[in-house]
Amino acid sequence: MTQIWQPKPSKEAPSKEAGPLGWLYKNLFSTPLNSILTLLAVSFLFWAIPPLFQWAILDANWAGESRKACTSGSSGCAGACWVFIKVRFELFMYGFYPEAERWRINLVFLLLAFTSMPLFAAQFFTAKKRQVILAVLASAGIGLLHGLWWCLGSIVYFSLPIAFSLFSLQESVYPYAKQKEMISLLSSVLLAAVVFFLVKTTQSAGTATTLALSTFLLALPFFYCKRLSSNLWRWIVLATVYPCIAFLLLVGDNFGLSHVETHFWGGLFLTLLVAGTGMATATPIGILLALGRTSELPVVRLLCVSFIEFVRGVPLVSVLFMASVMFPLFLPEDITFNKLLRALLGVAFFYAAYIAEVIRGGLLAIPKGQFEAAEALGWAYWKKMGLIILPQTLRLVIPGLANNFLSLLKDTTLVAVIGLLDLLGVAKAALADAEWLGFSKEAYLFAGLVFWIFCFAISRYSNYLEKKYHAIYQS
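My numbering applies: residue 57 is where the sequence shown begins, and numbers increase by one.
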C-alpha cells in the first residue's frame, strides 16, 4: 500500500521577524543602543516638529498683499508670513529681470526641458519626430507672444534646418561618395544664405551676417557627420544649438528683443544658470584634465597636474575674486569681459579640477585587461578611451560626480561676493526693503527649501543612474 506524503501547513513567521513589528525590531530596536537612539530621535521629533508645523502651517498668514496682512490683528505675528514670499515670488525667481521680458526666461527653460528630456528621461519621452514637435511648440509660443508674422517667420526659421538636415541625411541623394562632401558644403552655404536674406528683411546687415555665419558653422558638422547615433546628435544639439538660442533670447538686442544687461539677472534663474553652465562645462574639461594627468606625455601630464593641484589648493571665493577683480588687470584696456562670464569661467575651471580627480579615480579602477584588449584591436588612443574606457569609468564615478554637482549648486551662493544676486542674494535684497523688515526666517526657509528640492532631485537621479547602469552591466 503506497502512502502519499503530505507536508504540514507552514507556520506563520514569528511576530519579531515579519510585519510592521518585525521591521521595527530589526531596524530600530535590534540592540539596546539602537533602542536608546530611536527613543532619543523620536523624542526630538516630537519636540521640534509640532511647534514648527504650528508656526509654518496652522498659524501662518497666507492671504494679503502687504505687510499689514501679517501685523494687523491679535494673531498677526503668531505664525509665518508667507505673504512676503507670495508678493516677492517673481523677484525670487527672476531677480531684477524686466517684468515684461520674463517670458524669455520661461521659453529658455521650456526649450531646455524639451531638448534634454530625450537624453535624461528617455523612458518618459518616446514620441517620434521630437525635433518637429519642438519646432512647432517654439513657433506657437513665439506666435502667441509676438503675433502672426513672428509665428510664420519662426516656422520658416525652424523648419529650414530640419528640412535641409533630412535632405542631407538621405543616402539616395548622394550616389557617389566623392560628391557627398561637396554637396554637404554647398548645403551649408545655401542654408546660411537663406538665413541671411530672411534676417536681412527685418534686421541690420551685421546681425544677418552674424546669424548666417553661425548657421553655416553649426550646419556644416551636421551635414558632414551623417552616421552618428541619434543620442549623439541630441548631445550635439544640446551643446551647440541650444546655447546660441538661449543667449539670443536672454541677452536680446536681436529680432526685435530689447537688450537686457546681465546685472539685472538674478534669483533662482541665475542660480540654475551658473550651476547648469558649470556642470556642463566642468565635466568635459575635467575629463580632459584626468586623461592628461594619466597621459604618458610628460609635458601634458605636468601641465594638468599643476593646474589641478593649484586650483584644489585655493577656495572658490578667491577664484571668483581673482576672475572678477584681478583678471581684468592683465588684459588690454580695450578688452573687457562681462562679470557674469568671468564668474561662469571661474566656477567651471574650479570644479573641473575636482571632477578631474573623480574621473582619474575611475580610470584607475578599470582593469588593465580592458586597456590591453583595446590595444589588441589596434584602436587609436581616442577611440579606445571613447568607446571602452570612459563609458566604464563614468559608470563607476556616478556618485562622485553627483556629489560635485551638489556642491556646485550650493556654492552658487558665493557669486554674491562679486555683486551677482543669486537666490540667496535676492532674498537678502528683498529683506532690505523697509516694508518687509523682520521676515528673515521665511526668506531663508524658502531659499533652503528650494535648494533642498533641487539637491534631492539630483541625488535621486544619480541613484537611478547607478541602478540602471549597474543592471545593464550585470546583464
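Heads up, the beta-carbon is just placed ideally off N, CA and C, and yes, glycines get one too.
Item: Closer than 6 Å by C-beta to Ser503: which residues in its own chain qualify, once you throw out the five before and the five after it? Chain order, please.; Value: Just to set this straight, residue 503 is Ala in the shown sequence, not Ser. So the qualifying residues of the chain are Leu479, Leu480, Ala483.
Item: Using a Cβ-Cβ cut-off of 8 Å (strictly less than) and excluding sequence neighbours within five positions of Arg290, which residues of its own chain qualify?; Value: Thr171, Pro174, Leu175
Item: Specify whether the stretch 327–335 and the stretch 459–469 touch according to this definition: at least 3 beta carbon pairs, one from each stretch, less than 8 Å apart.; Value: yes
Item: Going by DSSP, what residues sit across from Gly322 in a beta bridge?; Value: Leu477
Item: Can you tell which of Tyr298, Trp138, Met335 has its C-alpha closest to the C-alpha of Leu465?; Value: Met335
Item: Closer than 8 Å by C-beta to Pro88: which residues in its own chain qualify, once you throw out the five before and the five after it? Chain order, please.; Value: none
Item: Less than 8 Å between C-beta atoms, sequence neighbours within five positions excluded: which residues of the same chain meet that for Pro154?; Value: Ser314, Val316, Phe320
Item: Who are the Cβ neighbours of Leu521 in its own chain at under 8 Å, not counting the five residues just before and after it?; Value: Ile454
Item: Inspect the beta-carbon positions of Thr350 and Leu433 and report whether they are closer than 8 Å.; Value: no
Item: Can you check DSSP and say which residues form a bridge with Asn117?; Value: Cys137
Item: Within the stretch 281–366, note down every full alpha helix (DSSP H) run reaching 4 residues or more, in order along the chain.; Value: 286–292, 298–307, 323–349
Item: Pick out the complete alpha helix (DSSP H) segments inside the stretch 146–180, 4 residues or longer, and give them in chain order.; Value: 159–176
Item: Please identify the residue among Ile444, Ala412, Ala295, Ile474 whose C-alpha is closest to the C-alpha of Met378.; Value: Ile474
Item: Compare the Cα-Cα distances from Phe152 to each of Ser518, Gln448, Leu477 and report the closest residue.; Value: Leu477
Item: For Ala458, does the three-state DSSP call read helix, strand or coil?; Value: helix
Item: Assign Glu64 to one of three DSSP states: helix, strand, or coil.; Value: Just to set this straight, residue 64 is Lys in the shown sequence, not Glu. Residue state, collapsed to three classes: coil.
Item: Please report the distance separating the alpha-carbon of Ala421 from that of Leu487.; Value: 50 Å
Item: Would Arg451 and Tyr525 qualify as a contact pair, given that the criterion is a beta-carbon distance under 8 Å?; Value: yes
Item: When the Cα atoms are used, what is the spatial distance from Ala513 to Asn519?; Value: 10 Å
Item: So, using beta-carbon positions, are Arg368 and Tyr410 closer together than 8 Å?; Value: yes
Item: Going by the beta-carbon positions, is the gap between Tyr150 and Gly332 smaller than 8 Å?; Value: no
Item: Would you grab the beta carbon distance between Glu491 and Cys137 for me? Rounded to a whole angstrom, and I think it's under 8 Å.; Value: Not really, about 12 Å apart at Cβ, beyond 8 Å.
Item: Taking just the CA atoms, how far does Ser66 sit from Ile60?; Value: 18 Å
Item: Check whether the stretch 397–410 and the stretch 337–352 are in contact - that is, three or more C-beta pairs closer than 8 Å.; Value: yes
Item: Please work out which residues of its chain come closer than 6 Å, Cβ to Cβ, to Ala233, disregarding the five sequence neighbours upstream and downstream, and give them in chain order.; Value: Because the pLDDT at Ala233 is just 42, under 50, the model does not fix this residue reliably, and the value given afterwards should be weighed accordingly. Cβ neighbours of Ala233 beyond the five flanking positions: none.
Item: Under 8 Å, do Tyr298 and Leu501 count as touching if we go by C-beta distance?; Value: no
Item: Quick one: using the 10 Å Cβ neighbour count with 16 as the cut-off for buried, is Phe405 buried or exposed?; Value: buried
Item: Does the beta-carbon of Thr392, which I'm using as the reference point, lie nearer than 7 Å to any heavy atom of the ligand ZN?; Value: For the ligand ZN, the structure offers nothing, since it holds no ligand at all.
Item: Go to Gly418, then tell me how far its alpha helix (DSSP H) extends in each direction, as first and last residue.; Value: 395–421
Item: Just the C-alpha distance for Gln426 and Gln448, rounded to the nearest angstrom, thanks.; Value: 10 Å
Item: Taking C-beta to C-beta, are Leu318 and Leu396 nearer than 8 Å?; Value: A quick correction: the sequence has Thr, not Leu, at residue 318. Cβ atoms of Thr318 and Leu396: closer than 8 Å.
Item: Look at the Cβ atom of Leu305, then the Cβ atom of Arg160, and state whether they are nearer than 8 Å.; Value: yes
Item: Let me check understanding here. Comparing Cα to Cα, which of Phe461, Asp489, Ser496, Phe495 lies closest to Arg516?; Value: Phe461
Item: Taking only the alpha-carbon atoms, compute the straight-line gap between Pro217 and Asn310 and give it to the nearest angstrom.; Value: Residue confidence is low: Pro217 scores 49 on pLDDT, short of 50, so the model does not pin down where it sits. Its coordinate-derived value is still stated next. The straight-line gap from Cα to Cα measures roughly 20 Å.
Item: Could you work out which residue in Ile444, Phe109, Ala436 is closest to Pro423 when comparing CA atoms only?; Value: Ile444
Item: Return helix, strand or coil for Ala436, following the three-state DSSP convention.; Value: coil
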